[in-house]
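Read the structure below first, then the notes.
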Amino acid sequence: MTVQASSQSQFQIALRQFRKHPLAVWGLRILFVLYTVAAFAGFFSPYDPNYYELYPPKGYHPPTRIHFVDPETGGLSRPFVYATRRTLDPVSLQPKYEEDPSQGKFYIRFFVRTPDQPYTLFRVFRSDLRLFGVDPPARIFLMGTDNFGRDLFSRLIYGAQVSLTIGILSALVSFVLGMVLGGIAGYYSGRPFTLSLPLRAWRGLGLLLGPLSWALWGGLGLGALYLAWSYYRLTGLGFFQVLAFLAAAWVGVRLVLTLPFRPIRIDADDLVMRAVEIIAAIPTLFLLISLRAVFPTNVDPLTTFYLVVGLLGFIGWGGLARVVRGIVLSVREMDYVQAARAMGASDARILFRHVLPATASYVIVSLSLTIPGFILAESGLSFLGLGVTEPYTSWGLLLQGAQQGGFASFVDRPWVLWPGFFIFVSIMAWNFVGDGLRDALDPRRRR
Amino acid sequence: MTAYILRRILYLVPTFFGATFLAFLIIQMAPGDYLTQLELDPKVTPETIARLRNQFGLDRPFHEQYLLWMHNLLHLNLGYSFAYQAPVLEIVWPRVLNSMVLVVPSTILLFLIAVPVGVYGALRQYSLGDRVVSFLAYLGLAIPNFFLALILMYLVLQVYFRTGVMVFPVSGMTSSGFEQFSFWQKVVDVAWHAVLPILVLTTSDIAGFSRVMRGQMLEVLTQDYIRTARAKGLAERVVVYKHALRNAVIPFVANIGGILPTLISGAGLVEVVMAWPGITPLLLDAISQQDLYVVAGFLTMGLVLLMIGNLLSDLLLAWVDPRIRYE
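Protein sequences appear in the order of chains A and B.
In case it helps, UniProt numbering puts the first sequence at residues 1 to 447.
In case it helps, UniProt numbering puts the second sequence at residues 1 to 327.
Encoded structure:
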């Protein structure tokens, strides 16, 4: 297809519309920063996320104060920090940290090398160059430390890798499921699949498939009868038992009367929509947690990560499938689809080349608006300790630190609440972008 | 219409069996069962475990367990909790009531606040007020419930440490000495404890709800019949509230049935964070302990309400929206 030089392509129009949405542009900028920092986590974090000191311990160290004023001259100076001294509070036995100016000033230095804590970028490039740091024995904890004394800021940056990618990956999983199942449901709606062969069709390949389909359906009928029978055996005779027998007998009679003469057809639309209904019927949080309980909790962390991605994606596809089905139902009646069919295109080709692309603008918007939902769900799951596990970390898992040890955990140590702030910012940015995309791609909303 | 309702009810049967079966299957698929934990206890002999397993019916094949459970369910018996040694309904119902203390006021508040806010946003589109409200809605949408709860708890405790005044209690549902209170004292006490969690719940819901309401209202205001109404000289008040609003709230009326199941499904993680004795913590425990019938029973209750709710929604929709006709 050629685009005339004077006119704008769809993409250009959308881009121009998107730029008119200041919040969306800001959302995109924020996301760019967040994802860049997450991608180059090693460079932006001053310490290894799992590094901690045994002596002196640094557990629950408050954020390091950065000084800009030289106490001796009273004038401005390069930013510096002091080393800290650990004491125990005699009453609460909680560690307390005091600045110790006697060890001198430690200037914040940029592009420092930390040979004892190397990192790997994108699993390939080894390096030990970090954006900023201070010389030991001073430490720079921008957001304090956790109970082990690990730097919360570094952990937060590494946690961003998990929290931010899990949203996208889960959205992709639910995208594939929703597109394919919703597409099939809509495209084949009213054109049921044949799932058994009557006797007269037992020719050629049918000679193999015919008996096979009969065996499957026969098994189903026998299964129904067996269920009714074991129900009777377990509980004795009563109204419901008779009902169960009648239902099983009805299934059996229907099968006997249908199988030899007519093919059994099942509408994929009914099947998919029933499945969506059933999944939607169970509250999300409980479905998520019950499903998580199906898999062992002591598997290796990477598997857990993919497990969480899969579960979130599995739970989220229903809404997308429902809408894709609706769009496909109307698109498949359009002339260009009829034309493609008349030219002899296969169903798969029509569906994937001609019909599904028509849902693109809706799907892009709905994807960008489901990603924040997945980020939220992941943080909730991890907050309960059912999401990603150590040594991986995520914002939800970090926020769990605010729940351990009662109120003291966040009243005395408010810095443990930082991860929640980042969840908030990233969800908001995604929402802005999603709204901007919706306005940009929907011609009715243009202004 | 009657035929339509009957057909709808008939359709509910496979969904009901499918969803209960799925719920049952998921819980059963988790490795081990309720007694697996007990097996680790050296004081409990294998014979005791075997006897208990037999007594609980956990040694039966899966389909027999499901059939027995379904049999009890058809006789309105949700089963028996292993962990609490009591009928499921007795365990779940008080917790559901506790949750309702949060969910019902929050739902009412939601409607009272979100609809006017949405209408305002649509009528004064892009005004300063609309921008402020929209921005607040974004904030509310983006903040995780449990994080907002933590923040509010932090603020309240800070106020407490500075001034010695506990503005609102930050955890639990009752004060100590609750048993000795008179009835009204009890009501006030619970209400006082409920303020923060209700606030948290409502904030996030208002955000989404008012956005949708605003969008609906904007959509309706561009319709031809609104222009017609204005053209024939009706007062703006009549146009907005009689012509536009009535049509804009149709989707919400249609969704009223959807509220039914949310009434019993609890307030989510807020209950966990604020130690509210609602249904969520109970259910989380039940899932981790594999207290089979508590989970399955609760899910069934929610399911039945969801189905009734959906049916109600459809009927209500047919009633408020004359454009819809069921043949």
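By construction, the Cβ of each residue, glycine as well, lies at the ideal position given by its N, Cα and C atoms.
Computed from a predicted model, the values in this text were never measured in an experiment.
| Asked | Found |
| --- | --- |
| Cutoff 8 Å: residue 3 of chain A Cβ touching any chain B Cβ | Low local confidence applies: a pLDDT of 47 at residue 3 of chain A is under 50, so the model's placement there is unreliable, with the coordinate-based value given in what follows. No, because no Cβ of chain B sits closer than 8 Å to the Cβ of residue 3 of chain A. |
| Entirely enclosed beta strand (DSSP E) segments - the stretch 68-147 of chain B, minimum 3 residues | none |
| Min CB distance residue 365 of chain A to chain B below 8 Å | no |
| Start and end residues, alpha helix (DSSP H) containing residue 186 of chain B | 183-221 |
| Three-pair Cβ contact test at 8 Å for the stretch 269-281 of chain A versus the stretch 179-197 of chain A | yes |
| Boundaries (first-last residue) of the alpha helix (DSSP H) holding residue 16 of chain A | 10-19 |
| For residue 71 of chain A, the three-state DSSP class (helix, strand or coil) | coil |
| Member of A/215, A/170, A/121, A/201 whose CA lies at the smallest distance from the CA of residue 372 of chain A | A/170 |
| Any C-beta of chain B under 8 Å from that of residue 402 of chain A | yes |
| Secondary structure of residue 355 of chain A, DSSP reduced to three states | helix |
| Residue-chain proximity (residue 82 of chain B, chain A), Cβ-Cβ < 8 Å | no |
| Residues sharing a beta bridge with residue 51 of chain A, DSSP | Per DSSP, none; premise fails for residue 51 of chain A. |
| Bridge-paired residues (DSSP) for residue 37 of chain A | Paired residue(s): none; residue 37 of chain A is not in a bridge. |
| Meets three-Cβ-pair contact criterion under 8 Å: the stretch 190-202 of chain B and the stretch 211-218 of chain B | no |
| Cross-strand partners of residue 125 of chain A (DSSP beta bridge) | A/121 |
| DSSP-derived helix/strand/coil call for residue 101 of chain A | strand |
| Sub-8 Å separation of residue 130 of chain A and residue 145 of chain A beta-carbons | no |
| DSSP state of residue 96 of chain A mapped onto helix, strand, coil | strand |
| The stretch 350-357 of chain A in contact with the stretch 151-165 of chain A per 3-pair CB rule at 8 Å | no |
| Residues bridged to residue 112 of chain A [DSSP beta-bridge criterion] | A/130 |
| Same chain, Cβ closer than 7 Å to residue 367 of chain A, five either side skipped, listed in chain order | 171, 175 |
| Ordered list of alpha helix (DSSP H) runs contained in the stretch 133-200 of chain A, each at least 4 residues | 152-187 |
| Residue-chain proximity (residue 146 of chain B, chain A), Cβ-Cβ < 8 Å | yes |
| As assigned by DSSP and simplified to three states, the class of residue 235 of chain B | coil |
| Among B/250, B/278, B/146, the one whose alpha carbon lies nearest that of residue 420 of chain A | B/146 |
| Boundaries of the alpha helix (DSSP H) in which residue 17 of chain B is found, first to last residue | 2-29 |
| Supposed close pair residue 163 of chain A, residue 423 of chain A - CB separation, criterion 8 Å | 7 Å |
| C-beta contact flag for residue 196 of chain A and residue 259 of chain A at 8 Å | yes |
| Coil, strand or helix - residue 90 of chain A by DSSP | coil |
| In DSSP terms, what residue 84 of chain A is bridged to | A/99 |
| is_contact[residue 179 of chain B, chain A] using C-beta, thresh 8 Å | no |
| Candidates A/369, A/426, A/412, of which the one nearest residue 396 of chain A by Cα | A/426 |
| Segment contact, 8 Å Cβ cut-off, at least three pairs: the stretch 108-127 of chain B with the stretch 288-304 of chain B | no |
| The stretch 133-143 of chain B contacting the stretch 387-401 of chain A, beta-carbon criterion three pairs below 8 Å | no |
| Beta-carbon separation (whole angstroms), residue 169 of chain B vs residue 192 of chain B, contact threshold 8 Å | 7 Å |
| Neighbour-count burial assignment, residue 65 of chain B, 16 or more Cβ in a 10 Å radius | buried |
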